[in-house]
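Student: Each residue of the sequence shown is one higher than the last, beginning at 1 in UniProt numbering.
Supplied in structure tokens, the structure appears directly below.
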Amino acid sequence: MNPQAKLISTTSLLLGTSITISSNHWMTAWIGLEINTLAILPLISKTHHPRAIEASTKYFLTQATASTLLLFASMINAWFSGQWDITQLTHPMSCMLSTVAISIKLGLVPFHFWFPEVLQGSTMTTCLLLATIMKFPPITLFYLTSPSLNSTLLTSMAIASAALGGWMGLNQTQTRKVLAFSSIAHLGWMTIILNYDPNLTLITFYLYTMTTSAIFLILNTTNTLKLSTVMTTWTKIPPLTTIFMLTLLSLAGLPPLTGFLPKWLIIQELTKQELTATATVISLLSLLGLFFYLRLAYCATITLPPNFTNYMKQWQTNKPTNPLTTIFTSLSIMLLPLSPMVLTIS
Numbered sequence: 001m002n003p004q005a006k007l008i009s010t011t012s013l014l015l016g017t018s019i020t021i022s023s024n025h026w027m028t029a030w031i032g033l034e035i036n037t038l039a040i041l042p043l044i045s046k047t048h049h050p051r052a053i054e055a056s057t058k059y060f061l062t063q064a065t066a067s068t069l070l071l072f073a074s075m076i077n078a079w080f081s082g083q084w085d086i087t088q089l090t091h092p093m094s095c096m097l098s099t100v101a102i103s104i105k106l107g108l109v110p111f112h113f114w115f116p117e118v119l120q121g122s123t124m125t126t127c128l129l130l131a132t133i134m135k136f137p138p139i140t141l142f143y144l145t146s147p148s149l150n151s152t153l154l155t156s157m158a159i160a161s162a163a164l165g166g167w168m169g170l171n172q173t174q175t176r177k178v179l180a181f182s183s184i185a186h187l188g189w190m191t192i193i194l195n196y197d198p199n200l201t202l203i204t205f206y207l208y209t210m211t212t213s214a215i216f217l218i219l220n221t222t223n224t225l226k227l228s229t230v231m232t233t234w235t236k237i238p239p240l241t242t243i244f245m246l247t248l249l250s251l252a253g254l255p256p257l258t259g260f261l262p263k264w265l266i267i268q269e270l271t272k273q274e275l276t277a278t279a280t281v282i283s284l285l286s287l288l289g290l291f292f293y294l295r296l297a298y299c300a301t302i303t304l305p306p307n308f309t310n311y312m313k314q315w316q317t318n319k320p321t322n323p324l325t326t327i328f329t330s331l332s333i334m335l336l337p338l339s340p341m342v343l344t345i346s
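Okay, structure coming up:
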């Protein structure tokens with residue numbers, strides 16, 4: 001890809017995200033989302049592979065539909081209340097349409113269909129952007145409109161996302177699709193607490209972004225796309241493989257790693273709101289995700305590939321490790337002792 005084109009796309013991506021997260025008017029938020037969509041399309045289709053073209057087409061159609069619904073919802077709200085302020089979402093139809101539009105943007109169940117396919121057709125770096133930065137503006141809109149949204153609808157979508165994200169991830173052999181369904185499952189955790197503690201939704205998103213970024217950066221360093229090639233990564237960078245296992249277990253939410261913190265806080269808050277049954281259901285559904293995280297960790301660190309005669313052992317890579325990988329993996333593993341500070345902030 002042309003360096004100038006890549007620079008323009010990256011700058012537009014940051015600009016669109018900044019416009020949306022800093023706006024309090026529906027129109028400027030919509031403009032930021034449109035800039036984001038147009039900026040990421042060249043990055044998805046830059047390989048000129050038919051699968052990449054298909055992914056960019058699917059992404060464009062779904063995001064255009066979501067943007068249209070969001071603009072329609074804001075216009076209905078402005079028509080009946082005279083308010084374009086994002087926090088003044090009062091009309092029931094506008095609340096419903098904006099929930100659907102933002103859910104399509106995020107890839108929540110039942111609007112998740114595009115997300116795994118788009119990630120499968122993109123490069124690892126683009127997958128990292130789609131799974132983290134591109135979800136920040138819609139999450140911000142959810143945060144700003146959270147008092148007006150229907151808690152029953154959000155809880156239903158959250159439990160469905162956690163269930164389907166865990167269930168569909170069990171049978172995947174492509175690492176990008178595994179992480180796509182992992183993202184859907186984590187979105188369920190973020191959505192279920194949105195009505196009761198929006199700050200906790202943001203904390204969960206930040207920690208998820210940090211851990212997922214570490215995993216994508218490790219997979220990009222080792223050039224790993226399938227579970228069968230995960231088994232051979234230990235010969236490339238052995239220390240990084242060990243860190244990869246710990247980061248996966250952190251994403252699964254096992255103590256004493258960082259990923260346990262948001263799940264612990266969400267279960268605690270749901271119990272305080274007397275939603276013990278909901279907390280129990282979503283906790284049990286997280287076991288589905290734990291299985292495929294453990295499978296990935298098992299393949300990466302314990303399983304040795306069969307030594308056939310035509311098998312060539314991969315030599316240690318000369319590709320330098322990204323400094324961000326070190327930072328994100330360290331934070332993904334060792335942040336749990338800072339829980340009291342996070343509780344104080346939230």
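Glycine included, every Cβ here is placed at the ideal spot set by N, Cα and C.
Do you know offhand how far A39's Cα is from M1's?
Tutor: Against the sequence shown, residue 39 aligns to sequence position 39. Against the sequence shown, residue 1 aligns to sequence position 1. Roughly 14 Å between the two C-alpha positions.
Student: By how many angstroms is the C-alpha of I302 removed from the C-alpha of L248?
Tutor: Counting from 1 along the sequence shown, the entry for residue 248 is found at position 248. Counting from 1 along the sequence shown, the entry for residue 302 is found at position 302. Their Cα atoms are separated by approximately 14 Å.
Student: Using 8 Å for Cβ pairs, my map puts F328 next to L154. What's the rounded Cβ distance?
Tutor: Within the sequence shown, numbered from 1, the residue matching residue 328 stands at position 328. Within the sequence shown, numbered from 1, the residue matching residue 154 stands at position 154. With 8 Å as the limit, F328 and L154 do not qualify as a contact, their Cβ atoms being about 29 Å apart.
Student: DSSP has D85 in a bridge; who is on the other side?
Tutor: Taking the sequence shown and counting its residues from 1, the one referred to as residue 85 is at position 85. Answer by DSSP bridge pairing, in chain order: H25.
Student: So is H49 buried or exposed if we call it buried at 16+ other beta carbons inside 10 Å?
Tutor: For the purposes of this step, residue 49 is taken as the residue at position 49 of the sequence shown. Under this definition H49 is an exposed residue.
Student: To the nearest angstrom, report how far apart Q172 and T140 are at their CA atoms.
Tutor: Numbered from 1 along the sequence shown, position 172 holds the residue referred to as residue 172. Numbered from 1 along the sequence shown, position 140 holds the residue referred to as residue 140. Cα-Cα distance, rounded: 30 Å.
Student: Can you look up G135 in the DSSP assignment and give me helix, strand or coil?
Tutor: Sequence index remark: in the sequence shown, residue 135 carries index 135 (1-based). First, the amino acid is wrong: residue 135 is Lys here, not Gly. Here K135 sits in helix by DSSP.
Student: Rounded to whole angstroms, what's the CA-CA distance from T222 to Q63? Just pull it up for me.
Tutor: As a working note, residue 222 is residue 222 in the sequence shown. As a working note, residue 63 is residue 63 in the sequence shown. Taking the straight line from one Cα to the other gives about 31 Å.
Student: Hey, how far is the Cα of P110 from the Cα of A158?
Tutor: In the sequence shown, counting from the first residue as 1, residue 110 sits at position 110. In the sequence shown, counting from the first residue as 1, residue 158 sits at position 158. Whole-angstrom Cα-Cα distance: 10 Å.
Student: May I ask you to verify whether the segment 189-209 touches the segment 225-241, counting CB pairs closer than 8 Å and requiring at least 3?
Tutor: Short answer: they don't touch.
Student: How many Å lie between L179 and T90 at the Cα?
Tutor: Counting from one through the sequence shown, the residue named residue 179 turns up at place 179. Counting from one through the sequence shown, the residue named residue 90 turns up at place 90. Approximately 36 Å, taken between the alpha carbons.
Student: Can you find at least 3 beta carbon pairs, one from the segment 257-264 and one from the segment 121-139, that sit closer than 8 Å?
Tutor: As far as the Cβ criterion goes, the segment 257-264 does not touch the segment 121-139, which means the pair count is below three.
Student: So the alpha helix (DSSP H) G165 belongs to, where does it begin and stop?
Tutor: Position 165 of the sequence shown holds residue 165. Per DSSP, G165 belongs to the alpha helix (DSSP H) from 151-169.
Student: Who are Q174's beta bridge partners in DSSP?
Tutor: Translated into the one-based positions of the sequence shown, residue 174 becomes position 174. Per DSSP, K226.
Student: Need the endpoints of the alpha helix (DSSP H) that L108 sits in, please.
Tutor: As a first step, residue 108 is located in the sequence shown; it is residue number 108 there, counting from the start. It is not in any alpha helix (DSSP H) - L108 carries neither H nor E in the DSSP assignment.
Student: Considering only the beta carbon of each residue, do L166 and L265 sit closer than 8 Å?
Tutor: The count along the sequence shown starts at 1 and reaches residue 166 at position 166. The count along the sequence shown starts at 1 and reaches residue 265 at position 265. This sequence places Gly at residue 166; Leu is not what is there. No. Outside cutoff.
Student: So what's F292 in DSSP terms, helix, strand or just coil?
Tutor: Reading the sequence shown from its first residue, position 292 is the one you call residue 292. The answer is helix: DSSP assigns F292 an H, G or I state.
Student: Is the beta carbon of T99 sitting closer than 8 Å to the one on L43?
Tutor: The count along the sequence shown starts at 1 and reaches residue 99 at position 99. The count along the sequence shown starts at 1 and reaches residue 43 at position 43. Contact flag unset, no.
Student: Which value, in whole angstroms, describes the spacing of the CA atoms of P323 and Q88?
Tutor: Locating residue 323 in the sequence shown gives position 323, counting from the first residue. Locating residue 88 in the sequence shown gives position 88, counting from the first residue. Roughly 42 Å separates the two Cα atoms.
Student: Cα separation between L251 and L149?
Tutor: Numbered from its first residue, the sequence shown carries residue 251 at position 251. Numbered from its first residue, the sequence shown carries residue 149 at position 149. Approximately 28 Å, taken between the alpha carbons.
Student: Compute the Euclidean distance between the alpha carbons of Y59 and T242, then round it to the nearest angstrom.
Tutor: As a first step, residue 59 must be located in the sequence shown, where it is residue number 59. As a first step, residue 242 must be located in the sequence shown, where it is residue number 242. So the alpha carbons of these two residues sit roughly 34 Å apart.
Student: Identify, in the order they occur along the chain, each residue of the same chain with its Cβ nearer than 6 Å to the Cβ of F115, setting aside the five sequence neighbours on each side.
Tutor: The sequence position of residue 115 within the sequence shown is 115, counting from 1. Answer for F115: G107, A180, listed in chain order.
Student: Is it right to say T20 is buried, meaning 16 or more other beta carbons lie within 10 angstroms of its own, or is it exposed?
Tutor: Taking the sequence shown and counting its residues from 1, one reaches residue 20 at position 20. It is buried - the Cβ of T20 has at least 16 other Cβ atoms within 10 Å.
Student: N195 and S161 - do their beta-carbons sit closer together than 8 Å?
Tutor: The residue given as residue 161 occupies position 161 in the sequence shown. The residue given as residue 195 occupies position 195 in the sequence shown. Cβ atoms of S161 and N195: not closer than 8 Å.
Student: Assuming L170 and F292 make a contact with CB atoms under 8 Å, what is their CB distance in whole Å?
Tutor: By 1-based counting over the sequence shown, the position of residue 170 is 170. By 1-based counting over the sequence shown, the position of residue 292 is 292. About 6 Å separates the two Cβ atoms, so the contact holds.
Student: Can you find the residues in the same chain that come closer than 6 Å, C-beta to C-beta, to G188, ignoring five residues on each side of it along the sequence?
Tutor: Position 188 of the sequence shown, counted from the first residue, corresponds to residue 188. So the list reads A158, S161, A162, once near-sequence residues are dropped.
Student: What is the DSSP secondary structure of E274, counted as helix, strand or coil?
Tutor: One-based indexing of the sequence shown puts residue 274 at position 274. Correct three-state label for E274: coil.
Student: Run through DSSP, which three-state label would M1 get?
Tutor: In the sequence shown, residue 1 corresponds to position 1, counting from 1. Here M1 sits in coil by DSSP.
Student: Relative to the C-alpha of I35, which candidate in N24, S22, T11 has its C-alpha closest?
Tutor: Residue 35 sits at position 35 when you count from the first residue of the sequence shown. Checking every option, the nearest Cα to that of I35 belongs to T11.
Student: Could you tell me the alpha carbon to alpha carbon distance between T47 and T37, rounded to whole angstroms?
Tutor: The count along the sequence shown starts at 1 and reaches residue 47 at position 47. The count along the sequence shown starts at 1 and reaches residue 37 at position 37. Roughly 18 Å separates the two Cα atoms.
Student: Less than 7 Å between C-beta atoms, sequence neighbours within five positions excluded: which residues of the same chain meet that for L219?
Tutor: Taking the first residue of the sequence shown as 1, we reach residue 219 at position 219. For L219, where only same-chain residues beyond five positions count, the Cβ hits under 7 Å are M124, T175.
Student: Starting from I327, trace the alpha helix (DSSP H) both ways and give me its first and last residue.
Tutor: The residue labelled residue 327 in the question sits at position 327 within the sequence shown. I327 -> alpha helix (DSSP H) spans 323-334.
Student: If you run the structure through DSSP and keep just helix, strand and coil, what is G121?
Tutor: For the purposes of this step, residue 121 is taken as residue 121 along the sequence shown, with counting starting at 1. Coil, per DSSP.
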